[in-house]
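Below is one structure; the comments refer to it alone.
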Amino acid sequence: MDVMPLLLLVAGSAAVAAAGRRVPVPVPLVLVAVGLAVSYVPGVPDYTLDPHIVLPLLLPPLLYTAATDSSYLDLRAQLRPVALLSVGYVLFATFAVGAAAYAIVPGLPLTAALVLGAVVAPPDAVAATAVARRVGLPSRITTILQGESLVNDATAITAFRVALAAAVGEGATWAGGILEFLVAAIGGIGMGLVLMVPLHWLRTHLREALLQNTLSLLIPFVAYAVAEQVHASGVLAVVVVALYLGHRAWEVDFATRLQEEAVWKMVAFVLESAVFALIGLQLPVVLKGLGEYEGAEAAWYAVAVFLVVAVARFVWVYPATFLPRLSARVRAREGEMSWKGPFIIGWAGMRGVVSLAIAFSIPLTVHDGDPFPERNLILFLTFTTVIGTLVVQGVTLPPLIRLLKFPAPDAQTQTLAEANAQAQASRAAEQRLDDLLTDERNALPGPLADRLRTVLERRRNAVWERLGQVNQVTGETVDDTYRRLSREMIGAERDVFVRLRDGRYIDDEMLRTLLRRLDLEEAAAYRETT
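Going by this note's numbering, the letters in the sequence shown line up with residues 104 to 633, in that order.
Written as C-alpha cells, this is what we have:
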C-alpha cells in the first residue's frame, strides 16, 4: 500500500489551511480552490473518494467533535427548528431537486432523479461549523445550523438508500421507506442511549489521562460501527453519545480535559483540512466520466440544480419559521423574530464531502446488469452543487452577515454574568476550605493556607477587574497586566532551566518535569476568559 499520496494530502492540506488563516477568505474555500488547481498538476495522484472510507472513518470523528462542542441545552431549546430542518427540509429538498432534475434532464428516470435529490439534500456538518465559527453568527442561528448539520446526514443517507433501492429495481415502496427511516432513526438514537452511560462510566473510571484520551478517540468509531451493525443510524448514535459526553465533560479530571481539547482540535483541523482539499481534488475524477454530455448542456444542468437547491431552502425555511409562530404559545416562548435570521439560515446551506461520498457509493449497474442510469451525470451535478454552495454562499455569507448588522452580544453583560458566577463559586470554595482546615488531618502552616486563599481571591477578582478601567499608557486591564508579568516571570524561569540543562547541571528528564510545571502555571494564568 502506497501511503505517500495520503501523507501528501494531509501535509499539503494542513499547510494550505494554515496559510489560509492569513487571508480574509474562509479557509474551506481556500482549500477547495487549491484542491481544484492542484488536481491538474502533472504527477498528482487521483484522489477518488471511497464511501467505505469517508462514511465510517471520516464522518464519525467530525460529527463527534462538532457535537461535543455543541450545547445539549441549547439544542434542546431549539428542538423544533432543528427537527424541521434536519428531517423536514432534507426530505423536502430530496423531492424538490428530484422533481426538478426529472423535468430538466431528458431521459433521467424519476428514481435516479430522487437519488440525486437525496445526495445533495443535506447541508454539511463540516462546512456549516467551519463557516459559522469564522463569521461569528448569533448564538441561536449557530445552534440551529449546528443541530441541523449533526442530524441531517442520517435523514439523507436513509432517503438515499430508499431511492437507490427503487432505482436499482429492488421493489422499494413508500411504506417500506418510511419504516426504514423510523427503524434507522429510532435505532440510532436508542443505540446512542445504550452506549452513552457505560462509555461515560469507563471514561470517569480510567485513572490515566492517556488511556482516557485513547478511549475518546475510539468512541465515535465504536458508536458508529455498532449502530450500523444492527442497521441503525450510526450518525445519530455518534451524535447522541457525543452530546451526552460533552454535557458531562466536567466529571472527567482536568488532565484528561486539557489533553482531550488539544487532541481533538488537532484531529478536527487535520480532517477538516483534508476533507475540503479532497472536494477540490475530485474534479478530474468527475469530469473523466462525463464524456457523453457537451459542456454547455452539462453546465446548464449544473446551474439549474444549484438554483433549485438554493431556492428550495428558502421555500422551506420561511414557512417552517413563521407558521409555527401563529401559535401564541410559540410566540411567547421564542419572542420576536425578524426576517434576518431565517434569511441567513436559508443562505447558509453549504454542501460538503458527505454528499460526494454518498454519490460515489452509487453502484455502476442495476440488478439486471444494465448501467445505473446517468450515474456520471449525477456525480457531476453533485460535485458542481457542492462547489457552487461553498463558493457562492460561503464567499457571500460573511459580508451578508455584516450587511444585515445583527446585534453583537453585550460584552459588559456577559462579563458581569461571569463575575457573578465566579463570585458564587469562590464563596463556596472558601467555605469548603474553612471546613477542611478545622479538621486536624488537614492542618497546614499559615503561609500555605494563605496561599490557597490568595489564589482563590485572585481568581474571584480577575473577572471583576475586566469591568474596571484600563491602564492609560498600555490600554491593558489590571488582569491583562498581571498575565503579562506572570508570563515574563515564567519565561525567565524557563530560560534558567534550559541553561542549566545545557550546562549539564540537570538532565532532560528533570527539564521536562520542570517545564511541564511551568506550562500548567502558565495555562492557569492565561485561562480563557471570554
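Just so you know, even glycine gets a beta-carbon here, dropped at the ideal spot from N, CA and C. None of these values were measured; they are calculated from a predicted model.
Does DSSP classify residue i as helix, strand or coil?
i, result
"T577", "coil"
"T499", "helix"
"P548", "coil"
"T151", "coil"
"T635", "Coverage of the chain is limited to positions 104 through 633, which leaves residue 635 absent and any answer about it impossible."
"P131", "helix"
"P323", "helix"
"P476", "coil"
"R505", "helix"
"M299", "helix"
"M613", "helix"
"A627", "helix"
"L618", "helix"
Can you tell which of the options has its C-alpha closest to the C-alpha of residue i?
i, options, result
"T151", "A451, A462 and L539", "A462"
"E533", "S319, Y167, G272 and R561", "R561"
"R202", "Y192, V218, L187 and V190", "A small correction: the amino acid at residue 202 is Ala; Arg does not occupy that position in the sequence shown. That would be V218, whose Cα lies nearest to the Cα of A202."
"G220", "V342, A415, L500 and L314", "A415"
"L253", "V222, A199, A340 and L194", "A340"
"G449", "L429, Q496 and V433", "Q496"
"L539", "L555, A524 and V378", "L555"
"W403", "L314, V389 and T487", "T487"
"D553", "G279, A435 and D537", "D537"
"L285", "I260, L305 and R243", "I260"
"S458", "F483, P127, H470 and D473", "F483"
"L410", "P510, S174 and M453", "M453"
"K391", "A136, A120, R530 and D149", "D149"
"S173", "T317, A460 and G349", "G349"
"R620", "G606, L603, E596 and R604", "E596"
"G293", "L139, V342 and A262", "V342"
"Y396", "E311, E363 and P209", "P209"
"A193", "V223, V494 and L248", "Sequence inspection shows Val at residue 193; the Ala mentioned does not correspond to that position. Considering only alpha carbons, the answer is V223."
"D622", "S589, D611 and D610", "S589"
"G123", "A380, A196, Q525 and K368", "A380"
"T307", "E354, A262, E439 and A330", "E354"
From which residue to which residue does the alpha helix (DSSP H) around residue i run?
i, result
"P184", "L182 to A186"
"Y143", "Taken as a continuous stretch (DSSP letters only), Y143 belongs to no alpha helix (DSSP H), as it is neither H nor E."
"M369", "F357 to L384"
"M107", "M107 to G123"
"D256", "S242 to A270"
"V638", "Any answer about residue 638 is impossible in this case: the structure gives the chain only from 104 up to 633."
"A340", "G337 to H350"
Is residue i buried or exposed, if buried means 16 or more other CB atoms sit within 10 Å of its CB?
i, result
"P184", "buried"
"G290", "buried"
"T468", "exposed"
"W419", "buried"
"V133", "buried"
"L480", "buried"
"A626", "exposed"
"V558", "exposed"
"V141", "buried"
"H334", "exposed"
"H76", "As shown, the chain starts at 104 and ends at 633. That puts residue 76 outside it, with no answer to give."
"I322", "buried"
"G606", "exposed"
"Q315", "buried"
"T197", "buried"
"L635", "Outside the modelled stretch of the chain, which goes from 104 to 633, sits residue 635, for which no answer is possible."
"F357", "exposed"
"S242", "exposed"
Mind checking if residue i is an interface residue toward chain D, Cβ cutoff 8 Å exclusive?
i, result
"K508", "Considering every chain present, this structure includes no chain D. It has just one protein chain."
Legend entry - Residue ranges of each alpha helix (DSSP H) within the segment 167-225, 4 or longer: 175-180, 182-186, 193-207 and 213-223
Inset, instruction - Could you name each continuous alpha helix (DSSP H) segment of 4 residues or more that falls completely within the segment 419-466, going from the start of the chain to the end? - result: 431-437, 443-450 and 456-463
Legend entry - Length at least 3, wholly inside the segment 584-609: the beta strand (DSSP E) runs in chain order: none
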